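Residues 1 to 208 (the UniProt record's numbering) make up the sequence shown, in order.
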Amino acid sequence: MGKVISIVGQKGGGSKSTKARTLAVGFSEAGWKTHLADIDTRQQTSLKWTERREKSGLSPIDCALYRRVETAVRMKDSCHLLIIDGRPAAETTSLDVADESDLVIITTGTTIDDLEPSLELARELIKKGIDKNKIVFIVSKSPSQSQGEKAQETIKAWGYKVINTVIPFKTSYGEALDSGRALHETPFKSLNETAKQMIEEIHDIINS
């Protein structure tokens, strides 16, 4: 039976799906049989991305669209790692997904408008029975390293875990995703290294 990582968030904007797709590629490259479950039937962001990836001739990622969380979760029996790309601002779905997960990743930006609903989501999940130790934050789309670190300090002040890596806001990341690539598959070594650090941190957490 495989491990389950879910990526949830209170807001849309693709940051959540970005992490799901990048982790799917990173873990696949590390030899894990990985399945990416897209449960956002309206936007289908991850599913459409895998189609672009295939057209670009890149290493394929096993991905499917699911209307129901319980159907997606069954896939953990046939892979090493199931990554669930959750729906934005769907608290009940987030709870269902988190309940089935070994690790719950909450993605957030650096502004108060991003942080407050993300922290509130974590609080609600814990209130409804999710183990606090299963939750970890990733700060992304940061205009600067200092703003990213400030957001990390806010998250820690609330008592939550946050990975050390800050994902910056960079046009090249968006261009990579548009062509079916992951965050560590840009033409720029420094951006790729930052994304790889994120993958490694999540790898270490899920293996601990």
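Quick reminder that beta carbons are idealized off the backbone N, C-alpha and C, glycines included. Since the model is a prediction, treat every value here as computed from it, not as a measurement.
Whole-angstrom distance between residue j and residue i, CA atom to CA atom
i      : j      : result
Lys86  : Gln152 : The question names Lys, but residue 86 is Gly in the sequence shown. Each residue's alpha carbon lies about 22 Å from the other.
Ile83  : Leu47  : 13 Å
Val8   : Ile105 : 6 Å
Ser101 : Lys134 : 8 Å
Asp131 : His203 : 19 Å
Ser56  : Lys128 : 42 Å
Ser179 : Trp49  : 8 Å
Gln44  : Arg68  : 14 Å
Ile5   : Leu23  : 10 Å
Arg52  : Asn164 : 30 Å
Leu36  : Lys3   : 12 Å
Glu54  : Ala157 : 42 Å
Val25  : Ala182 : 7 Å
Exposure label - residue i; buried when at least 16 CB within 10 Å
i           : result
Ile155      : buried
Gln10       : buried
Gly148      : buried
Met198      : buried
residue 233 : Any question about residue 233 goes unanswered here, given that the chain covers just 1 to 208.
Anticipated Cβ contact below 8 Å, residue i with residue j, distance rounded
i      : j      : result
Val162 : Phe188 : Incorrect: roughly 24 Å between the Cβ atoms, too far for contact.
Ile61  : Ser28  : 6 Å
Gly109 : Ser78  : Not really, about 35 Å apart at Cβ, beyond 8 Å.
Validate contact between the stretch 112 to 131 and the stretch 64 to 78 using beta carbons, cut 8 Å, 3 pairs: no
3 or more residues per run - each beta strand (DSSP E) lying fully within the stretch 103 to 177: Counting only runs of 3 or more, we get 103 to 108, 135 to 142 and 161 to 168.
Those runs of the alpha helix (DSSP H) which lie wholly inside the stretch 48 to 78 and span at least 4 residues: 69 to 73
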